[in-house]
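Structure, as structure tokens:
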């Protein structure tokens, strides 16, 4: 029998809330974290709004040493360290002793590109024949695994410490990989999560692809419109989410609080074949991924009662809903409750999966399904498949039992994870 | 007098790189940066850059190689400042 895995800690650094209680409050009330950013306007980007966590200097000082703060110019690293450290402490775990790592605890913390502002700063120095002035911290702030390396040092984890990267599926994929490591008996605990930098050098490329909304610069909070007929592109976001995954045995032994059980998950790729491409998902692969996740979890299609979708606020949302509907063989009023966290935080790119997993998991604790912002005008193609009552506009009271969370990324990659309400026996 | 002042300036520079369990008082003229003060060797390059900024000098790779102790650093700083005159 597979070892059971539970979630014992959460940490979050999101555009609409830094720290679990702020984030949860924003999710319940539908508070948006999308705002206008003058730097994007000054650079002439079409989309001048974004989701960016607000971090004060004094808050940073409680996570980083004075030395670490010197020359720190990697926003994703800041978000990731904050969320990761918070999740660890939320799980009731201590940092390892000075001389002895915690061999049973590992870290799998993903990102897309890390420290792009630091990279830019470094490139300017190098191009100015001044590479010697980079100092020692340019490498560690810009290597992709910088985030897991920083967290590894802060927490003293002695098991696998690594970074995964699969575009917008990164966070969800990482959680599944963490589950697999614990299931296989190679670790007792895995801190999993993902982070994404903020700023024009991350978001500009998406602006160039013309997949971001440019007509909401004056009304940022209305811009991110998953499942809406008037959706006109995803709003770029940033931040980090983190979860402590732990074997059920270890969690019970420690008397840890348990947010939910992770029943299983699946990752796959559409191979950029059929309807799939570098930027578009192959629907067949998406459906297979959902079904494989259910099979891995040992859950029947009809048991899924809440979905947290990928739902980015592009024309692809209706296709995603169709994939859920066909994979789960349900529609109309039988369709699970579904929500899209992106309506509040935008698309946090590599951080999306983990930020949204944290949002999804908080619903178990709260006995709520968080409302969908900005989809009063549900897309007609979605209404053909799903009854409007299944897409709550406001947060509703409902205790989820089996929740599916999926993320899809560039490169035609998919990840789907299945959570279950944990009841003490 | 200038020596004492330079030592004080150097202590200011070095203090941020000290591990938690090493205090500023532990910095003496004969202290080895890596072996006694337990400074991460990767941070020596940062100390060199800070020294350059503070004293308005430039240190070369061979200067850095010679800079094992606080006294070494003071001697190099002194030499560079002399050269500047």
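Residue numbers (the numbering used here), protein chains in the order written: chain A, 3 to 427; chain F, -13 to 71.
Each residue gets a CB set at the ideal place from its N, CA and C atoms; glycine is no exception.
Counted within 10 angstroms of its Cβ, other Cβ atoms place residue 58/A as buried (16 or more) or exposed: exposed
May I ask you to list, following chain order, the residues of the region 120 to 154 of chain A that have a beta carbon less than 7 Å from some beta carbon of chain F? 135, 137 and 138
Environment of residue 105/A [buried if 16+ CB atoms lie within 10 Å]: exposed
Is there a Cβ of chain B sitting closer than 8 Å to that of residue 31/F, yes or no? Protein chains A and F are contained in the structure displayed, whereas chain B is not.
Is the beta carbon of residue 210/A less than 8 Å from the beta carbon of residue 292/A? no
Boundaries (first-last residue) of the alpha helix (DSSP H) holding residue 380/A: Looking at the DSSP string, residue 380/A is not in any alpha helix (DSSP H), and its letter there is neither H nor E.
Residues of the region 1 to 16 of chain F with a CB closer than 7 Å to any CB of chain A: list them in chain order, please. 2 and 3
Determine the burial state of residue 32/F: buried for a count of at least 16 other Cβ atoms within 10 Å of its Cβ, exposed for fewer. buried
Going by DSSP in three states, residue 6/F sits in which element: helix, strand or coil? coil
For residue 403/A and residue 308/A, I'd like the C-alpha separation in whole angstroms. 8 Å
Helix, strand or coil for residue 172/A, going by three-state DSSP, please let me know. helix
N-terminal and C-terminal residue of the beta strand (DSSP E) that residue 42/F is part of: Counting along the chain, residue 42/F falls outside any beta strand (DSSP E), and DSSP gives it neither H nor E.
Closer than 9 Å at the beta carbon, the chain A residues around residue 59/F: Here the premise fails: no neighbours, minimum Cβ distance about 17 Å.
Would you say residue 419/A and residue 267/A are within 8 Å of each other, going by their C-beta atoms? yes
Under 8 Å Cβ to Cβ from residue 366/A, same chain only, skipping five residues before and after it: list those, please. 261, 262, 401, 402, 405, 421, 423 and 424
Would you report the Cα separation of residue 312/A and residue 248/A, rounded to the nearest angstrom? 25 Å
Report the neighbours of residue 392/A on chain F: residues whose CB is nearer than 8 Å to its CB, in chain order. Here the premise fails: no neighbours, minimum Cβ distance about 54 Å.
List the residues of chain F whose Cβ lies closer than 9 Å to the Cβ of residue 72/A, in chain order. 2 and 32
Residue nearest to residue 114/A in terms of C-alpha spacing, selected from 174/A, 199/A and 177/A: 199/A
Interface residues of chain A facing residue 28/F [CB-CB closer than 7 Å]: 138
Is residue 225/A near residue 380/A, with beta carbons less than 8 Å apart? no
Could you tell me which chain F residues have their CB closer than 8 Å to the CB of residue 68/A, listed as they occur along the chain? 2
Within 10 angstroms of the Cβ of residue 323/A, are there 16 or more other Cβ atoms? Answer buried if so, exposed if not. buried
Supposed contact pair residue 65/A and residue 197/A - C-beta distance, whole angstroms, cut 8 Å: Incorrect: roughly 13 Å between the Cβ atoms, too far for contact.
May I have the straight-line CA-CA distance separating residue 131/A from residue 120/A, to the nearest angstrom? 17 Å
Taking DSSP as the reference, what is the three-state secondary structure of residue 125/A? helix
With 8 Å as the threshold, decide whether the Cβ of residue 23/F is near any Cβ in chain A. no
Label residue 20/F either buried or exposed according to how many other C-beta atoms from any shown protein chain fall within 10 Å of its C-beta, with 16 as the threshold for buried. exposed
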